[in-house]
Each structure stands twice: as C-alpha cells, then as structure tokens.
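Undergrad: Can you keep this structure in mind? I'll have questions shortly.
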Amino acid sequence: MTEPVVDMRGISVEFPGVKALQEVDFRLFPGEVHALMGENGAGKSTLIKALTGVHRIAAGEVRYAGERVSFSAPAEAQAAGISTVYQEVNLCGNLTVAENILLGREPRKLGRIDGKAMRARAAELLARIGLHIDPGSVLESHPIAVQQLVAIARAVAVDARVLVLDEPTSSLDADEVAELFRIIRVLRDEGVAVLFVTHFLEQVYEISDRMTVLRNGRLVGEHMTAALSRIDLVSAMLGREMGVLEEIERRSGTPGEPLLVAEGLGRKGSVAPFDLEIRKGEVVGLAGLLGSGRTEVARLLFGADKADSGRLLVDGKQVRLTGPRAAIEAGVAFSSEDRKAEGIVADLSVRDNLILAMQAARGWARPVPRKLADELVAKYIELLDIRPADPDRAVGNLSGGNQQKVLLARWLVTQPKLLILDEPTRGIDVGAKAQIQKVVADLAAEGMAVLFISAELEEVVRVSDRVVVMRDRQKVAELDGEVGVDDVMALIAGGGDHGVDQGVEKAVAS
Amino acid sequence: MKNRLLWPVVALVALLMLNVVVTPSFFSVRLQDGHLYGSLIDILRNGAPTLLIALGMTLVIATRGIDLSVGAVAAIAGAVTCTHIASGGNAWVAMGLALALCAVLGLWNGFLVSVLGIQPIIATLVLMTAGRGIAMLITEGQIITVNDDSYRQVGAGFLVLPIAILISLAVLGLVALVTRRTALGLLIESVGVNPSASRLAGVRARTIIWTVYVFAALCAAVAGLMISSNVSAADANNAGLWIEMDAILAVVIGGTSLAGGRYSLTGTLLGALIIQTLTTTVYTIGIAPEITLVFKAIVVIAVCLMQAPVGIRVRVRGKQGVPA
Chain A
1 MTEPVVDMRG
11 ISVEFPGVKA
21 LQEVDFRLFP
31 GEVHALMGEN
41 GAGKSTLIKA
51 LTGVHRIAAG
61 EVRYAGERVS
71 FSAPAEAQAA
81 GISTVYQEVN
91 LCGNLTVAEN
101 ILLGREPRKL
111 GRIDGKAMRA
121 RAAELLARIG
131 LHIDPGSVLE
141 SHPIAVQQLV
151 AIARAVAVDA
161 RVLVLDEPTS
171 SLDADEVAEL
181 FRIIRVLRDE
191 GVAVLFVTHF
201 LEQVYEISDR
211 MTVLRNGRLV
221 GEHMTAALSR
231 IDLVSAMLGR
241 EMGVLEEIER
251 RSGTPGEPLL
261 VAEGLGRKGS
271 VAPFDLEIRK
281 GEVVGLAGLL
291 GSGRTEVARL
301 LFGADKADSG
311 RLLVDGKQVR
321 LTGPRAAIEA
331 GVAFSSEDRK
341 AEGIVADLSV
351 RDNLILAMQA
361 ARGWARPVPR
371 KLADELVAKY
381 IELLDIRPAD
391 PDRAVGNLSG
401 GNQQKVLLAR
411 WLVTQPKLLI
421 LDEPTRGIDV
431 GAKAQIQKVV
441 ADLAAEGMAV
451 LFISAELEEV
461 VRVSDRVVVM
471 RDRQKVAELD
481 GEVGVDDVMA
491 LIAGGGDHGV
501 DQGVEKAVAS
Chain B
1001 MKNRLLWPVV
1011 ALVALLMLNV
1021 VVTPSFFSVR
1031 LQDGHLYGSL
1041 IDILRNGAPT
1051 LLIALGMTLV
1061 IATRGIDLSV
1071 GAVAAIAGAV
1081 TCTHIASGGN
1091 AWVAMGLALA
1101 LCAVLGLWNG
1111 FLVSVLGIQP
1121 IIATLVLMTA
1131 GRGIAMLITE
1141 GQIITVNDDS
1151 YRQVGAGFLV
1161 LPIAILISLA
1171 VLGLVALVTR
1181 RTALGLLIES
1191 VGVNPSASRL
1201 AGVRARTIIW
1211 TVYVFAALCA
1221 AVAGLMISSN
1231 VSAADANNAG
1241 LWIEMDAILA
1251 VVIGGTSLAG
1261 GRYSLTGTLL
1271 GALIIQTLTT
1281 TVYTIGIAPE
1291 ITLVFKAIVV
1301 IAVCLMQAPV
1311 GIRVRVRGKQ
1321 GVPA
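And the structure:
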C-alpha cells in the first residue's frame, strides 16, 4: 500500500468541560474515498476541524504528506492542499462563477484583474469536474446543487491533494447526488484523497472505499467498506455497551386508553405521513439513525414544525396544528434534542428556567408566586438530583446532564399528559443517564405517556414498551412487547442484509 | 450585576468631580420660591427625556431589538399637541391625542418586527425617516408656538424638583415594579436570551415583542411632550433629534448588552445621567459645544472596547500554543 497522505495519531481535542476527541487515529490515502461515520456528537466535525486547523489539538500528531504539521488556521491547511467544502455553501452569491472559483487568487495583468484570463481559467477548472456552465454567470442564478459543485471546483482549483466534503449531499436530490459522485470519482482517479461525511448509509456504500467509525469522541474502527455489513456498521456507530446500567423493571400492568392518536401526520421534505398511537402509561421509543425522521416526528407532534397533512388527537380531542402553544394547552410537552439552542435559557437562573413553561402558560400578568417557585425548585432539585443545588445559578454554568434535568423538570411542573423527550441523554454522563431513564419509567408507571427518542438503541429498547422504527424519513415498523436490539438494528439498517426481511416479518407478526 | 454597575458609577462620579474642580459651586443647590435650582437640578431636568426614552429602549434591547424611531415619534407627539392647542384645543385632550397616535406608531413598529419578522434596525428605520415627515405634515412645515400654562408644566414646571424628572422617575419606578412583580421581566429576558427555546416553552414571544415596542413609543411620546413643552413650541425638524442615539448609549453604558437578555434599569438610569452630565460638563467647563460629540464618541469607544468579546478571545487564543 502507498503512504497515507494524512496520518493522524492519538489525536485528542478538548473543549471546556468536554473531551471532544480522545486518542483518535485516522489515516487517509491518495486516490481513495474515505467515509467518516458516527452519530451526532461522535466527533466527526471535530476531527475534520482538528485536521484543517480550526480546532487546537491537545495531544497527538498530524502528518501530512509524510511531514509533521500543525495548521493554526484553515487558510494554512488550504494553502498546503487540504480543501474543505462545508454543508452550507459558503460562496458569494452575488459574484460570478469565475470570481467565486478564483476569489483571492485572480489572474492579474499590470496589477489589475484580468477578466478574460480569469474566465478561461475558471472554464478549465469547471471542465475538469465536467460541469458545463457559463463562468461569467452570477452564482445565485444556479440551483444549490450547482453552487455546491462550484464550491468543489473552487476547492480543487488550488491543486488540492485532500478534499474534505462535510455532508455535501444533505440538500441534494438523487440526480444531483449522482452528479456529485461522478465528480468525486473523477477526482479520486486523479489521485485526490476524498474525505466524505454523510448520514446516508446508501451513499456511503455507493461511493466509499474505506471508512472510519467514531463514537463518543473515540475511534471504534477503520474498515474496508466492502468488508463491513450494514448491520455491523450501525452496531459500531450506535454502540452496544451500557451494561453498567441497572435493568429497568418491566411494568406488568397493561397500558391504558389511547392518549395520542396521529393520523397521516406529515410534512413535505421532512417526514412522510405516518400514523402513531401512544397510550396512557406507555413509553414508546422512536429509533432510527440521524436524519431518519425521528426528530421530525417529535417536532410535528408538538407543533414545533407545522404539519401540512393529517390530524392529531390528544385525549380524544383534535389539536389545532398551529404551533407549540396549542400542543402545550392540549397537555403535550417537548424537550428538544438541541439543548443549547432550543432548550436552556443560558443566562437565566435554574429557578427561572424551571418555571418558564409554567409561567408561559399562566401569562405574564399572573407570576408564579415566589413561594411556589421555591417549593417546586427545591422539590425537583432533590428529586432529579440537580447539582449544584443552587436555584440562583445561571443554568448555562451547569453540566450538560444537569441542564437536561432542569429541562425535564421544566416540563414536569406543568404536569403534561404526554412527554416527548428527544435525545434526553445525549452527551451526558452515565449516572445522570440512569437517573433520567429511571424518572421516565416512574412517570409512565404513574400514567404519563412518554415518547422517547435516542440514538442509543440499547437505551430505547430498555426504556420502551413499544419501539417505532424510522428510516429514510418514513415510519417503517412498529415492534411490540419484548423487542431485541438486533431486530431493531436490522430495521434501521434497511436493505442489503438478509436479516432485514426477517425483522420486518417479525415486526408484523408481533 | 454589581460588577456591571461599577464602571458606570465610577464614570459618573469622575465626571461630577471634574465639574467641581472647574466650578467649585457645582454642587450648590438653592431653594427659591419653593423650587430647587442648581447645576445638578439642570442635569436632572435636561436628562429627563433621555432617561424616559432609554427606559423604553432598555426593554426593546432586552428582546434583542432596537428602536431607532423614538426621536421621530417624540417630534410627532410635540407636533400633534402644539397643533391641537394652537387651534384652540384643550392641553390635556391634545396630550391624550398625541399619546394615542404614538401608541399606534408603536403598534406599527411591533407589527413589522414581531409579525413580519423584519430586522428591528430596518423596521424602525422606516419610522425614523418617515416620522419626521409626518411631523412636518402635522405642523405644515412651521414651528408652532403655543402659550398654555398647563402644558408648560410638563417640561418646565416645578414641584420642588422639575416635573419632567419626576415623571421619568415615576415611569422608572413603575417599570421596575411591573417587570419584577409580574412575570414580564422574566419573559422579556427569556425571549432576548433564547427566542427558540422560549417559543418551545410556550412563551408568547410575539405578544411580548409587540408590547415592548408600544411601550417604547409611549415613552418617546411623553419625552416629546417634555421637549416641546419646555420651549412651548413644536419643531418637527429638530425636536428629539439624535435622542435615539443618546438613549441607546445610555442603555449600553448601563450594562445591558445589545445582544439582548439580562437588562438593568438602574444601569440605564446611571447611563442617562452620565450622558447628560457629559453634555453639561462641556458647557460648564467652557468648551465649544461641537466637542460634545467628540466626548461622546470617546465614551462609546471605551464602552465598546470593554464589551468586545473578540479582543478578549484573540488574547486568550494567542496564549494557547499547540504542544510540541
């Protein structure tokens, strides 16, 4: 085998309070397409940013083309031949295609930009990737997919030896993806090393030669794509540890009447219409990979995104699909997976965060009495073991696990009928995780309906009475009773493996 | 919060000390005919409109917004009132009309920002420019002078202290009471810190934002009445000119971040006093009024430097080396 063009060894990256990467090894060879796989928070972006000089490396070394390097800015990495194309197109829409491709390195004549030479050079670069558009046209006049390809043309204009594509396909349709892959193959055959990040398994198997799997900031393994089955890949991404957690006792009582009934609820471009029923005292798990539609289902039920088809009944009454307030009034609570952006109000105290939903429901004119607020805060700090037990501390200063407990408490004080938890245990320590799972089980035992979403399959299977599986933005199965992790995993992974058909049959049978 | 108020207090004390050094009688206050007179009283009286507008601005800024139209709204309030009085109307009715019209203007700003989702700086820029035109239309391009004793009281009257500052302080007290005794303060801060999270928690962000713009317009209206009443005239072109800048500056000096979130009414009070003292200082120590702007510019730069996160980040980053 040839020498790797990029060789990262023992890479660790730390952010305040978080170890984003721990001793990760990564190799990238010339002329290969290499997929970097992992769920959210696995460390994919961090690894890319450690390579391109965005993040500082706390430990470990990076070798590029055989030499030790430490880039301190993306521009240095680019100058050395490592080009990155990000998920969102970051070009200047108001400039022409040629200007975008050669921005900052325009051909000059007598100190002035030589427009003719620039267009000629741009046309050459576009031809190299087989894209036939007018270099003089304004970038914005082209669809996003073409803009993405222009970004790639710009990336390879510097004679890149390494091309990093961070989720380039998330906004493309099937034809556009095929075009992108054709170009990736052209570059690969020219000897460029392509690092490719995506959440779509189909695409990984179509385009990549090798893959590196990360989980929770650690290296799981490096595999030849052809030698790793989908099931094994999904299993590597989701992990099967967690034996440390005590088994949650199965509730013997049968669940009550249906609390939530969704019929044909859907939203174009987000999730295909689905039916769902959740009964009182039941925990329903929602499993699927990132981008499978699991979060979108939760957002539709709560009205965080507006459904454009179907109807929703809570406790027999139809809920207006107008937004979160209508859902809250109907007794639905939703804790978002994005704790920072959609959960905590960082600058406000634990007390204020905890009573926020209750206060919002009462309106501004009827403040939650200080005495009641103090009682509630004291109660939930003890019940959920929120640390430090200081109601006046800004919630932004708490650890992730404790922030999550505050968010859980925020909804519990409103005494909802249905609690939707989207990844309530992501990125938090094992102890807090076990506590949250226990609380969920207790709530269901008291009659609350819970929709539980998690990237960790073991967890979903353990806490849920029933598991709904999502794949490719569709509900593909519903598994009742004693579900095995392997069954769910087969359904998540989808086509290409033998286990799947059995899984579906089993699901239908049960 | 205490730390945030430290520098404004230091700045205010320093400015007052500078004045005492130059004018030893600066602190002297005398009682004449039941009125208090003195340089400090002048600062309070002249600073009343700025303080009032800054109070409205504080709540707007706390929701991540900004209201550039307050100066124009103040001019409209004066124009409506003086025109009505000049045509033989009652002063109280005239002021009521002005407040009602300005409340409508506040509704307009709130509509643009909260319903249409236009960026606050652009949304209120509309009324900032158009507002002076409306005021001109109302006064038909003339400076309207009036002679009405009850109207004169608003800006120039005394109840031992100037009535204008009594009004502003009363509004300050009222806002403090309403925002802290009800949940309005919490909801405003929540919307300002994290609009998405607030929406998902069920906060009626739209109503909250709408409310603060109406409140800001009402504050501007009363300030406009003070300005116009003080000179018994409505000048559509110059009344309240650039007062939005002073108000924003007062809010920022008081420690409320333009990024929204936690706000300090006490800080805004201090900020408004600093700005007015600054202006007065330039007069008392005998520098040409042109220099006022330079002084203010220096204060703005100092405040911005203290608040700038980038400067700090660059320094921190420079210290972290890649281990060899």
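Just so you know, the protein sequences line up as chains A and B, in that order.
Quick note on numbering: the first sequence equals residues 1 to 510 in my numbering.
Quick note on numbering: the second sequence equals residues 1001 to 1324 in my numbering.
From the three backbone atoms N, C-alpha and C, an ideal C-beta is built for every residue, glycine too.
Keep in mind it's a predicted model, so treat the numbers as computed, not measured.
Given that a residue counts as buried once 16 or more other Cβ atoms are within 10 Å of its Cβ, and exposed if not, what is B/Arg1199?
TA: Residue numbering aside, residue 1199 of chain B sits at position 199 when the second sequence is read from its first letter. Under this definition B/Arg1199 is a buried residue.
Undergrad: Leaving aside the five residues before and after A/Gly340 along the sequence, list all residues of the same chain whose C-beta is less than 7 Å from its C-beta, in chain order.
TA: Working through the first sequence from its first residue, we reach residue 340 of chain A at position 340. Going by the sequence as given, residue 340 of chain A is Lys instead of Gly. There are no such residues.
Undergrad: Closest to A/Val469 by C-alpha separation, out of A/Ala409, A/Leu172, A/Glu478, would be which residue?
TA: Here residue 469 of chain A corresponds to residue number 469 of the first sequence, with the count starting at 1. Among A/Ala409, A/Leu172, A/Glu478, the Cα nearest to that of A/Val469 belongs to A/Glu478.
Undergrad: Measure how close the beta-carbons of B/Val1212 and B/Leu1059 come, nearest whole angstrom, since I'm counting them as under 8 Å.
TA: As a first step, residue 1212 of chain B is located in the second sequence; it is residue number 212 there, counting from the start. As a first step, residue 1059 of chain B is located in the second sequence; it is residue number 59 there, counting from the start. Correct: roughly 4 Å between the Cβ atoms.
Undergrad: Output needed for A/Arg27: all residues of its chain with C-beta closer than 6 Å, excluding positions within five of it in sequence on either side, in chain order.
TA: Within the first sequence, residue 27 of chain A is the residue found at index 27, counting from 1. Correct list, in chain order: Pro4, Asp7.
Undergrad: Quick one: give me the first and last residue of the beta strand (DSSP E) that A/Glu14 is part of.
TA: The residue labelled residue 14 of chain A in the question sits at position 14 within the first sequence. That run of the beta strand (DSSP E) goes 6-15.
Undergrad: Given A/Val461, which residues of its chain have a CB within under 6 Å of its CB, disregarding the five upstream and five downstream residues?
TA: Sequence index remark: in the first sequence, residue 461 of chain A carries index 461 (1-based). Answer for A/Val461: Val483, Val485, listed in chain order.
Undergrad: Would you say A/Leu356 reaches chain B, if we count a Cβ-Cβ gap shorter than 7 Å as a contact?
TA: Looking up residue 356 of chain A in the first sequence gives position 356. Cβ-Cβ to chain B under 7 Å: yes for A/Leu356.
Undergrad: Of the residues that make up the stretch 332-365 of chain A, which ones have a beta carbon closer than 7 Å to any beta carbon in chain B?
TA: So the close ones are Phe334, Ser336, Ala341, Glu342, Gly343, Ile344, Val345, Ala346, Asp347, Leu348, Asp352, Leu356, Ala357, Gln359, Ala360, Ala361, Trp364, Ala365.
Undergrad: In the DSSP output, what is A/Ile113 paired with across the bridge?
TA: Position 113 of the first sequence, counted from the start, is the residue given in the question as residue 113 of chain A. DSSP, once it has assigned bridges, lists A/Arg108 as partnering A/Ile113.
Undergrad: Is A/Asp442 buried or exposed, if buried means 16 or more other CB atoms sit within 10 Å of its CB?
TA: Walking along the first sequence from the start, residue 442 of chain A turns up at place 442. The residue is exposed, with fewer than 16 neighbouring Cβ atoms inside 10 Å.
Undergrad: Which residues share a DSSP beta bridge with A/Thr212?
TA: Translated into the one-based positions of the first sequence, residue 212 of chain A becomes position 212. Bridge partners of A/Thr212: A/Leu36, A/Glu222.
Undergrad: Do A/Leu260 and A/Ile278 have their C-beta atoms within less than 7 Å of each other?
TA: Position 260 of the first sequence, counted from the first residue, corresponds to residue 260 of chain A. Position 278 of the first sequence, counted from the first residue, corresponds to residue 278 of chain A. Contact: yes.
Undergrad: Report the rounded CA-to-CA distance for A/Met224 versus A/Ala151, giving the unit in angstroms.
TA: Working through the first sequence from its first residue, we reach residue 224 of chain A at position 224. Working through the first sequence from its first residue, we reach residue 151 of chain A at position 151. So the alpha carbons of these two residues sit roughly 28 Å apart.
Undergrad: I need the straight-line Cα distance from A/Phe334 to A/Asp392, nearest angstrom please.
TA: Here residue 334 of chain A is taken as the residue at index 334 of the first sequence, counted from 1. Here residue 392 of chain A is taken as the residue at index 392 of the first sequence, counted from 1. Approximately 24 Å between the Cα atoms of the pair.
Undergrad: Taking Cβ positions only, does A/Met242 come closer than 7 Å to chain B?
TA: Here the question's residue 242 of chain A lines up with position 242 in the first sequence. Annotation note: pLDDT 43 at A/Met242 (below 50); position unreliable, no value reported.
Undergrad: So, does the stretch 1210-1230 of chain B touch the stretch 1154-1166 of chain B, judging by three or more C-beta pairs under 8 Å?
TA: With a cut-off of 8 Å, the stretch 1154-1166 of chain B and the stretch 1210-1230 of chain B count as touching, because enough Cβ pairs lie within range.
Undergrad: What residues from chain B crowd round A/Ala304, counting only those whose CB sits closer than 7 Å?
TA: Locating residue 304 of chain A in the first sequence gives position 304, counting from the first residue. Under the 7 Å cutoff, chain B gives Leu1200.
Undergrad: DSSP puts A/Tyr64 in a beta bridge; with which residues?
TA: Residue 64 of chain A sits at position 64 when you count from the first residue of the first sequence. A/Tyr64 pairs with A/Val6, A/Glu67.
Undergrad: In terms of residues, what are the limits of the alpha helix (DSSP H) holding B/Thr1279?
TA: By 1-based counting over the second sequence, the position of residue 1279 of chain B is 279. First-last of the alpha helix (DSSP H) with B/Thr1279: 1265-1284.
Undergrad: Roughly how many angstroms separate the alpha carbons of B/Met1057 and A/Ala123, rounded to a whole number?
TA: Along the second sequence, read from residue 1 onward, the residue named residue 1057 of chain B stands at position 57. Along the first sequence, read from residue 1 onward, the residue named residue 123 of chain A stands at position 123. Those two C-alpha atoms are separated by around 53 Å.
Undergrad: Give the residues from the stretch 1175-1208 of chain B that approach chain A closer than 8 Å (Cβ to any Cβ), ordered along the chain.
TA: Listed in sequence order: Arg1181, Thr1182, Ala1183, Leu1184, Leu1186, Leu1187, Glu1189, Ser1190, Val1193, Asn1194, Ser1196, Ala1197, Ser1198, Arg1199, Leu1200, Ala1201, Gly1202, Val1203, Arg1204, Ile1208.
Undergrad: What is the DSSP secondary structure of B/Thr1083, reduced to helix, strand or coil?
TA: For this step, residue 1083 of chain B is matched to residue 83 along the second sequence. Helix at B/Thr1083.
Undergrad: My parser needs the beta strand (DSSP E) runs of 3 or more residues fully inside the stretch 1181-1217 of chain B; what are they?
TA: As far as the stretch 1181-1217 of chain B is concerned, it has no whole beta strand (DSSP E) run of at least 3 residues.
Undergrad: Would you check if the stretch 293-304 of chain A and the stretch 316-328 of chain A touch, i.e. whether three or more CB-CB distances between them fall below 8 Å?
TA: Enough Cβ pairs lie closer than 8 Å, so yes.
Undergrad: When you compare only the Cα positions, how much space is there between A/Gln359 and A/Gly447?
TA: By 1-based counting over the first sequence, the position of residue 359 of chain A is 359. By 1-based counting over the first sequence, the position of residue 447 of chain A is 447. The straight-line gap from Cα to Cα measures roughly 24 Å.
Undergrad: Under the criterion of a Cβ to heavy atom distance below 6 Å, does B/Ala1170 qualify as lining the ligand GDP?
TA: This structure does not include the ligand GDP; it has no bound ligands of any sort.
Undergrad: Under 7 Å, Cβ to Cβ, is there at least one residue of chain B near A/Arg63?
TA: Counting from 1 along the first sequence, the entry for residue 63 of chain A is found at position 63. No, no contact with chain B.
Undergrad: Under the assumption that A/Arg466 contacts A/Ser292 (Cβ atoms under 8 Å), give the Cβ distance between them as a whole number of angstroms.
TA: Position 466 of the first sequence, counted from the start, is the residue given in the question as residue 466 of chain A. Position 292 of the first sequence, counted from the start, is the residue given in the question as residue 292 of chain A. Actually they are not in contact, since the Cβ atoms of A/Arg466 and A/Ser292 sit about 17 Å apart, beyond 8 Å.
Undergrad: Under 7 Å between the Cβ atoms of B/Thr1145 and B/Ser1232?
TA: For the purposes of this step, residue 1145 of chain B is taken as residue 145 along the second sequence, with counting starting at 1. For the purposes of this step, residue 1232 of chain B is taken as residue 232 along the second sequence, with counting starting at 1. Against a cut-off of 7 Å, the Cβ pair of B/Ser1232 and B/Thr1145 comes out as a contact.
Undergrad: Can you give me the C-alpha to C-alpha distance between A/Ala445 and A/Asp347, rounded to a whole angstrom?
TA: Locating residue 445 of chain A in the first sequence gives position 445, counting from the first residue. Locating residue 347 of chain A in the first sequence gives position 347, counting from the first residue. Those two C-alpha atoms are separated by around 35 Å.
Undergrad: List in chain order: all unbroken alpha helix (DSSP H) runs of 4+ residues lying wholly within the stretch 124-211 of chain A.
TA: Fully enclosed alpha helix (DSSP H) runs of 4 or longer: 144-156, 174-189, 201-207.
Undergrad: Please identify, using Cβ separations under 9 Å, the residues of the stretch 1058-1083 of chain B that lie next to chain A, in order along the chain.
TA: Against chain A - using a Cβ distance shorter than 9 Å - the stretch 1058-1083 of chain B contributes no residues.
Undergrad: Can the beta-carbon of B/Thr1277 be found closer than 7 Å to that of B/Val1251?
TA: Here residue 1277 of chain B refers to the residue found at position 277 of the second sequence. Here residue 1251 of chain B refers to the residue found at position 251 of the second sequence. In this structure, B/Val1251 does not lie closer than 7 Å to B/Thr1277 by Cβ.
Undergrad: Based on Cα-Cα distance, which residue from B/Ile1066, B/Ala1135, B/Val1175 lies nearest to B/Gly1078?
TA: Sequence index remark: in the second sequence, residue 1078 of chain B carries index 78 (1-based). Cα-wise, what sits closest to B/Gly1078 is B/Ala1135.
Undergrad: Apart from the five residues on each side of it in sequence, which residues of its chain come closer than 8 Å, Cβ to Cβ, to A/Ile113?
TA: For the purposes of this step, residue 113 of chain A is taken as residue 113 along the first sequence, with counting starting at 1. Hits under 8 Å: Glu106, Pro107.
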